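First to last, the sequence lines map onto chains A and B. Going by the working numbering, the first sequence opens with residue 3, and the numbers climb by one from there. Going by the working numbering, the second sequence opens with residue 3, and the numbers climb by one from there. For every residue, glycine included, the Cβ atom is placed at its ideal position computed from N, Cα and C. None of these values were measured; they are calculated from a predicted model. Here's the structure, in structure tokens; my notes come after.
2 protein chains.
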Amino acid sequence: MKIPQDRLNRYVGMRRDFAEEEYINLQPIQRGGILTEEARRAILEFGDGYSTCDWCPPKTARLDMITDPPIQQFYQDLAEFLGMDVARVVTRCREAKFIAFRMLGGAGDYVVLDSTAHYSSYIAAELAELRVKEVPNSGPPEYRVDLEAYAAKIDEVKKETGKLPAALLLTHIDYLYGNLNDAKVVAKIAKECKVPYILNCAYSAGIMPINGKELGADVLTSSGHKSWAASAPTGILAFNKSLEEKFTARSKMEGDLTKRKFGAKELAMLGCTVMGAPLITLMASFPEVVKRVERWGEEVEKVRYLVAELERIEGIKQMGMRPKMHTLTHMETESFYKVSETHKRKGYFLYDELRSRKIVGIQPGLTKHFKLNTYGLTWDQIRYVRDAFFEIAKKYGLKIS
Amino acid sequence: MKIPQDRLNRYVGMRRDFAEEEYINLQPIQRGGILTEEARRAILEFGDGYSTCDWCPPKTARLDMITDPPIQQFYQDLAEFLGMDVARVVTRCREAKFIAFRMLGGAGDYVVLDSTAHYSSYIAAELAELRVKEVPNSGPPEYRVDLEAYAAKIDEVKKETGKLPAALLLTHIDYLYGNLNDAKVVAKIAKECKVPYILNCAYSAGIMPINGKELGADVLTSSGHKSWAASAPTGILAFNKSLEEKFTARSKMEGDLTKRKFGAKELAMLGCTVMGAPLITLMASFPEVVKRVERWGEEVEKVRYLVAELERIEGIKQMGMRPKMHTLTHMETESFYKVSETHKRKGYFLYDELRSRKIVGIQPGLTKHFKLNTYGLTWDQIRYVRDAFFEIAKKYGLKIS
């Protein structure tokens, strides 16, 4: 069908409404996904459709067998970097979880997961036809997951179904408060109970040092566009030898008439996965990612500094566990909410005030609570953000201690 | 874990081994995926991780609800362009097929498909736990699918299982010979038998005019990186109103403890799908794609011309149905094979000869059969390719009629 030109014009010259280099972007899910210079170069080189596949080896014809660009080598380096045996790049972290659930469980089986898990963990379980059993958290203000309770939840599942859950899933850093969960506690329970253990490192691997073996994970999932300076959509699925046969099981399908078989193809991956721009940016940024995780200590220092400064404003308090162990931060800002009640722009005043100071990424309209992420900001930018909040607080008569 | 610098250096300065602008690329799966200029601009603007999600509406928080960039509008325009009611962009055409199979069938159900279907159609069925029943083709040299036989295969399934197949799948243009299958023939059978009908337009939609309603498809799948001038990985899943409820069913999952629900999220999509570079290139190229499908007639003229010219070389013959109805072409080249038997470079001589003439994309090593695709080549380039093959033929003493 024909589409009128005026509607087509919408797709010409699409731009973000701010230039990343002119603004400080505090968007909670975006800080770890900003491309490196090398990735920006590579995305143009390999932007065209199947351009990563120029040298697909005819006999195996599989993404992870391509050595030019060095995709096969990258899969190995990626696994090693994460302290896991095998790695695959998949389309999203949620797909990595779906694959793990799909290959570990059957319809009606349970997965035991923390109650601060991302929605995509629940939905991945649902699409794999699993049920969930949630591990409680302490509620406000800490929302601390009761990690020891995984054991009791496994028992509940056993009583209810007569068998073990298909998997345990722990969210390493939760998306709401940026709490760091001690992966080893759950690893111990998983090992004792002999249940496969999935550690969701969507907000940790790629920005923090992660060693899956040390943390005791059987499966490690992560998100390239969230934490690896890669374009969306990219996910990482890494696993240990013990699960390799299951996760990389080849297709057993056979054409009933032609007897065609596809025995080189990995079933759960649907053959090839991310054959383009997101994969190539993940690879191009990898050398910088390997370096940047070593600077994690300073990232934590910066966020702690900013939180301490912002808490000097009356009515502002960091939510989640203290001290901060991650740059993703949830602030409760009752005093800004009070300002918004009488402001003609209502809740949007805060966004406006920040934006006029070249700061974006705080969700427009929110003043009672909001999330921010300081990952990768310089000390100067951190101080600039602090000063901006102080200015806004003063403008609206809030006290700063 | 630390990765040694010499291994990291592999990811610095990655390049394709030919510059697209200096070579003629005949790669069968790449011609339709070359980015437009507008897409090359957009991929840099939206290369960063979640950059398409700056304006994600907080309440619905779903990719297809974002209006800046105009993703919501694009989904509507895309559906309309394809003559379907609803469209979703998913990570790959194979994922589109998996979703369709997953939502239409249950474990052990059948899908009836053509025996020239791509491997990903079989594997998508396998992951959805379906079985396949193949519709025969005529074998060499035409490999014509016996479209009327879909009816008999449905009967076979009914006899064997007591119920209808979950779906029929027809590959609109097959990947091996570029044969065009008459979609309406199968549509009529699907309608009569009341079986949902999936038309896989991986090689047609985006380069040929396609109207799903006219073709009688209930579901239409396609590949952005194959045929829509988009980066990988991108797939299109379009469907009619009658299937909307099934395909866009929302998550019903509920946390057993927290009672958290995710009712805004579409289950089969796992929530959001392609939140980045591949989607934005698909959108940026869309105005050109809408125009280019109108030039399909000339594309067919060009391939027919080249095939007729190449067949003047002794021992060279086009395989598949005649005359060509698509630019993807399979050539049988017995005479080049004979040359290769005594050539010191064996089968690689043809690749070398073409490459030295700035032509790439014919699989290295192949001489007996190979595939090529002329989509989007200018007449001058077509004649240049013809001349190159003539030169090579003459060099090795082959007759040209």
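Note: Gln320 (chain A) is bridge-paired with A:Met333 in the DSSP secondary-structure output. With contact defined as three or more Cβ pairs closer than 8 Å, the segment 191-210 of chain B and the segment 165-172 of chain B are in contact. The residues Tyr25, in chain order, have a CB closer than 6 Å to that of Lys360 (chain A) in the same chain once the five nearest residues on each side in sequence are set aside. For Ile5 (chain B), the closest Cβ of chain A is nearer than 7 Å. Residue B:Phe100 holds the alpha-carbon nearest to the alpha-carbon of Glu128 (chain B) among B:Cys55, B:Phe100, B:Phe391, B:Leu149. Within 10 angstroms of the beta-carbon of Trp381 (chain A) lie fewer than 16 other beta-carbons, which makes it exposed. In this structure, DSSP gives Leu171 (chain A) an extended state, which the three-state scheme calls strand. Using a Cβ-Cβ distance cut-off of 8 Å, the segment 184-196 of chain A and the segment 148-156 of chain A are in contact, since at least three pairs of beta carbons, one from each stretch, lie closer than that value. Comparing C-alpha distances from Arg33 (chain A) to each of B:Glu22, B:Ala310, B:Arg33, B:Ser53 shows the shortest one belongs to B:Ser53.
In this structure, the beta-carbon distance from Gly237 (chain A) to Ser225 (chain A) falls below 7 Å. In summary, the residues of the segment 130-148 of chain B whose CB is separated from some CB of chain A by less than 7 Å are Val134, Lys135, Glu136, Pro138, in the order they occur in the chain. Note that the segment 96-116 of chain B touches the segment 265-284 of chain A; at least 3 beta-carbon pairs, one per stretch, sit closer than 8 Å. Per DSSP, the beta-bridge partners of Phe372 (chain A) are A:Met333.
In the displayed model, Gly35 (chain A) falls within a helix according to three-state DSSP. Annotation for Arg306 (chain A): the continuous alpha helix (DSSP H) segment containing it runs 298-312. DSSP places Phe241 (chain B) in the strand class (E or B) of the three-state scheme. Linking Gly317 (chain B) to Ala395 (chain B) through their CA atoms gives a straight-line distance of about 10 Å. Distance from the CA atom of Glu158 (chain B) to the CA atom of Gly15 (chain B), rounded to whole angstroms, is 56 Å. Sequence-ordered contacts of the segment 162-178 of chain A with chain B are nonexistent [C-beta pairs closer than 9 Å]. Of the candidates B:Asp70, B:Met327, B:Glu336, B:Gly378, the residue whose Cα lies closest to the Cα of Leu400 (chain B) is B:Glu336. For Pro72 (chain A), at least one C-beta of chain B is nearer than 7 Å to its own C-beta. Not a single C-beta of chain A is nearer than 7 Å to the C-beta of Lys373 (chain B). At a cut-off of 7 Å between beta carbons, Gln383 (chain A) makes no contact with chain B. Within chain A, Arg42, Ile45, Leu46 have C-beta atoms less than 8 Å from the C-beta of Leu46 (chain B), given in sequence order.
Using a Cβ-Cβ distance cut-off of 8 Å, the segment 308-328 of chain B and the segment 129-147 of chain B are in contact, since at least three pairs of beta carbons, one from each stretch, lie closer than that value.
Out of B:Arg12, B:Val292, B:Trp57, the CA that lies nearest to the CA of Asp79 (chain A) is found in B:Arg12. Between Ser122 (chain B) and His174 (chain B), the CB-CB gap reaches or exceeds 7 Å. Membership of Leu115 (chain A) in any alpha helix (DSSP H) is not indicated; the residue belongs instead to the beta strand (DSSP E) covering 112-116. Counting the other Cβ atoms within 10 Å of the Cβ of Gln320 (chain B) gives 16 or more, which makes it buried. Only residues of its own chain outside the window of five on either side were considered, and among them Met105 have a CB closer than 6 Å to the CB of Lys248 (chain B), listed in chain order.
Spanning the alpha carbons of Asp111 (chain A) and Asp220 (chain B) requires a straight line of approximately 33 Å. The beta carbon of Pro235 (chain B) falls within 7 Å of a beta carbon belonging to chain A, placing the residue at that interface.
Interface annotation, Gly51 (chain A): in contact with chain B, CB-CB separation under 7 Å.
DSSP links Leu84 (chain B) through a beta bridge to no other residue. Between Ala232 (chain B) and Ser287 (chain B), the gap from beta carbon to beta carbon is short of 7 Å.
If you draw a 10 Å sphere on the C-beta of Ser253 (chain A), you find 16 or more other C-beta atoms in it, and that means buried.
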